[in-house]
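Worksheet: one structure, shown below.
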Amino acid sequence: MTYRAPINDILLSLNHGAGLKAAVAAGHYGDFDGDITQAVLEEAGKFATDVLAPLNRVGDEHGIKLDGGNVTTAPGWPDAYKRWTDAGWNAVSGSEAFGGQGLPLAINAACTEIWSASNAAFGLCPLLTLSAMEALDAHGSEELKQIYLAKLVSGEWTGTMQLTEPQAGSDVGALRTRAERQADGTYRIRGTKIFITYGDHDMTDNIVHFVLARLPDAPAGTKGISLFLIPKFMVKEDGSLGERNDIYPSGVEHKLGMHASPTCTMTMGDRDGAIGYLIGEENRGMQCMFTMMNQARLAVGLEGVGIADRAYQHALAYAQERKQGRAVGKTGDGLDPIIVHPDVKRMLMQMRAMTAAARTISYATAVALDVASRAKDAKVKADAAARGALLTPIAKAFSTDIGNEVSYLGVQVHGGMGFIEETGAAQHYRDARITSIYEGTNGIQAIDLVTRKLAANGGASVWALLDELKGIVKQVETSNDPAFGTTAAKLRDALGSLERASRWLLERVGSAPNDALAGATPYLRLFGSALGGCYLASEALAARSEAAGDHGRYVTLARFFAENISVQATSLEKTVTESAEAVTGADAVLIA
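Quick note: the sequence shown uses our numbering, first residue 41, plus one each step.
See the structure below:
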């Protein structure tokens with residue numbers, strides 16, 4: 041089946057659940073006209089349906105090829121990328137000073153979901169280019185910006201992020217790639233990086249690599265890492281391309297999913313060393329790289345949302361067409377579509393509800409980051425920055441967990457045919473799997489949430505968010521709408537569990553860190569389950585107040601999430617606060 045962007049769901053989530061409309065009304069977005077949002081997203085949806093979605097299966101089946109130090113992408117890929125950049129999609133949120141459209145990150149976040157849903161492997165390439173743009177704009181010299189930034193903004197050139205080495209995965213401080221100062225102010229880089237997404241391809245004339253490396257006199261660990269810009273082809277003074285730099289793909293990975301996305305081993309220094317240019321200051325590369333990584337983590341969360349929505353649409357269409365058995369109590373001849381069976385309905389509702397919750401959490405993160413950079417008031421900016429920092433690990437980990445779980449259910453709805461590649465359900469399941477691993481595993485996101493984001497300012501960011509969420513629950517209660525069922529009670533219980541678990545963890549982050557770390561992953565899930573439920577309730581309330589003709593479905597969706605998913609908060613709280621010893625004492629089982 042093809043993909044159709046759920047524009048109405050996206051707009052409700054973005055404007056109301058994530059708070060874009062309120063932020064625009066408050067003046068935090070300057071002269072941005074929120075009325076253009078729908079037009080932009082509708083055009084994105086059309087492009088995704090007409091151009092990207094038809095290539096999703098093609099890319100999965102054909103994959104990529106490495107020959108003679110060059111990667112060839114799947115049939116149709118270069119043409120689709122050219123059409124994508126010609127239409128201006130790479131420049132949506134790019135700086136206007138360098139040819140971008142200057143639209144909010146929140147608008148681009150919705151577009152990122154659409155690209156990921158229609159063709160996740162394609163969407164990975166601009167995802168990393170956007171991160172490269174952010175790092176160069178924030179930390180690069182004016183000279184480097186003038187040479188490279190406009191090309192990245194337009195998408196004429198793409199960007200990569202190169203951290204990982206065979207011995208340095210999550211422990212970036214263990215990297216060994218070397219950088220040596222040169223008399224002309226450049227650096228020569230030698231080393232090998234692995235798992236580099238779109239490290240090489242044939243869609244653009246040049247690729248701008250952002251590479252972490254260590255200088256000879258650098259301190260040990262992450263405090264001795266620097267960031268360098270290394271172009272695939274050198275750029276002459278007139279802007280034309282010169283010689284090939286000494287950076288090549290020496291291998292490509294054969295993966296479970298994302299077959300059309302080149303995952304390369306990149307080798308630097310087979311000749312004289314790759315010529316690189318310092319980004320930021322020497323030995324401050326991690327600060328620069330985190331600019332890229334935080335942007336990429338939100339984008340990967342949106343990947344999870346996109347894949348989940350595509351899997352849901354796929355499963356829904358199959359359930360409406362596939363006939364097996366008969367509805368309970370039906371008389372007469374003939375079989376019924378499987379969607380009439382309660383267990384299939386439950387799976388489909390779970391898929392849609394979890395996708396919707398993850399969507400709004402991700403969009404809310406983008407809105408917070410927008411306000412942090414666009415608002416005029418210093419306190420508003422600081423509060424928004426703290427909110428964005430708090431939500432980023434949740435957006436990344438919760439949303440990609442949901443992408444995995446929803447695509448799993450998509451296979452299940454298909455039954456035996458889901459296990460057969462020809463239906464396409466398996467591709468979503470395979471493609472989703474990497475999202476909970478790259479850009480910081482979800483376990484690392486949970487650790488970040490507990491040790492840094494929760495602990496920041498004594499938990500002030502969490503308490504402020506909880507106050508807002510309690511206000512949503514109060515509105516559900518005062519609506520007196522029986523269609524909400526026990527939504528308000530379930531969400532109030534979930535928020536109580538979240539508050540108690542947060543305070544328990546805050547007490548132990550410093551005094552008993554292993555106990556806190558043992559509960560980090562269930563805590564993140566607890567946070568997402570409570571937060572997502574409240575966001576869906578706020579969207580249902582907004583749909584009711586606007587008298588939308590289909591507002592009943594949003595109320596039903598919010599109710600399902602609260603009564604089936606948010607209710608897990610109580611048990612997750614107990615896991616966080618009562619089972620730490622079962623984890624910290626596990627050596628007796630795990631170590632012989």
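Cβ atoms here follow ideal geometry from the backbone N, Cα and C, with glycine treated the same way. Here the structure is a predicted model, which is why all the values come from computation and not from measurement.
By the neighbour-count criterion, in which 16 or more other beta carbons inside 10 Å mark a residue as buried, M332 falls on the buried side. Per DSSP, K233 is one residue of the beta strand (DSSP E) stretching across 227 to 237. When C-alpha distances from V132 are compared across T169, L106, T113, the shortest belongs to T169. The three-state secondary structure of P302, taken from DSSP, is coil. It is roughly 21 Å from the alpha-carbon of G261 to the alpha-carbon of Y478. Annotated as distal: G572 and T475, with beta-carbon spacing of 7 Å or more. A495 has its alpha-carbon roughly 43 Å from the corresponding atom of G309.
Listed in chain order, the alpha helix (DSSP H) runs fully inside the stretch 151 to 202 are 160 to 179, 190 to 194, counting runs of at least 4 residues.
Nearest in C-alpha terms to L81, of all of C151, A580, L557, L564, is C151. By the C-beta density criterion, P289 is buried, having at least 16 other C-beta atoms within 10 angstroms. The residue from L538, I631, G568, E517 with its alpha-carbon nearest to that of L581 is E517. Between the alpha carbons of A219 and L597 lies a distance of about 54 Å. Contact between W129 and F87 is confirmed by a C-beta separation of about 7 Å, below the 8 Å threshold. DSSP places V292 inside the beta strand (DSSP E), whose first and last residues are 287 to 292.
T112: member of the beta strand (DSSP E) spanning 110 to 112, first to last residue. Look at the beta carbons and you see the stretch 409 to 429 not touching the stretch 438 to 454: under three pairs across the two are nearer than 8 Å. Assigned with DSSP and collapsed to three states, R599 falls in helix.
Contact between F268 and R284 is absent: CB atoms are separated by about 17 Å, not below the 8 Å threshold. M308 has G231, I287 as its beta-bridge partners, per DSSP. Every unbroken stretch of the alpha helix (DSSP H) spanning 4 or more residues and falling wholly within the stretch 394 to 473 is given here in chain order: 418 to 454, 465 to 473.
Proximity to R350 across Q467, Q485, T481 peaks at Q467, based on C-alpha coordinates. For K363, the beta-bridge partners assigned by DSSP are P377. Put simply, the backbone Cα of N110 is about 8 Å away from that of D242. At the C-beta level, Y594 and A583 come within 7 Å of one another. R399 and F600 have their alpha carbons spaced roughly 16 Å apart. Two segments are said to touch when three or more pairs of C-beta atoms, one from each, lie closer than 8 Å; by this definition the stretch 132 to 144 does not touch the stretch 224 to 231. At a Cβ-Cβ threshold of 7 Å, I434 and M394 do not count as neighbours. Non-local beta-carbon contacts of A359 in its own chain, meaning distances under 7 Å to residues more than five positions away in sequence, involve P377, I378, I379, V384, L388, V453 in chain order.
Counting the other CB atoms within 10 Å of its CB gives E621 a total below 16, which places it among the exposed residues. Annotated three-state conformation of P522 is helix, per DSSP.
Counting the other Cβ atoms within 10 Å of the Cβ of R337 gives 16 or more, which makes it buried. The residue among G209, G195, R221, K295 with its C-alpha nearest the C-alpha of N246 is G195. About 6 Å separates the Cβ atoms of I347 and S156, confirming a contact at the 8 Å cut-off. Distances from the CA of D286 to each of A258, I265, G316 were compared; the closest alpha carbon is that of G316.
Counting of Cβ neighbours within 10 angstroms places W117 among the buried residues, the total reaching 16 or more.
The alpha carbon of P46 has as its nearest neighbour, out of V502, G85, E321, D71, the alpha carbon of G85.
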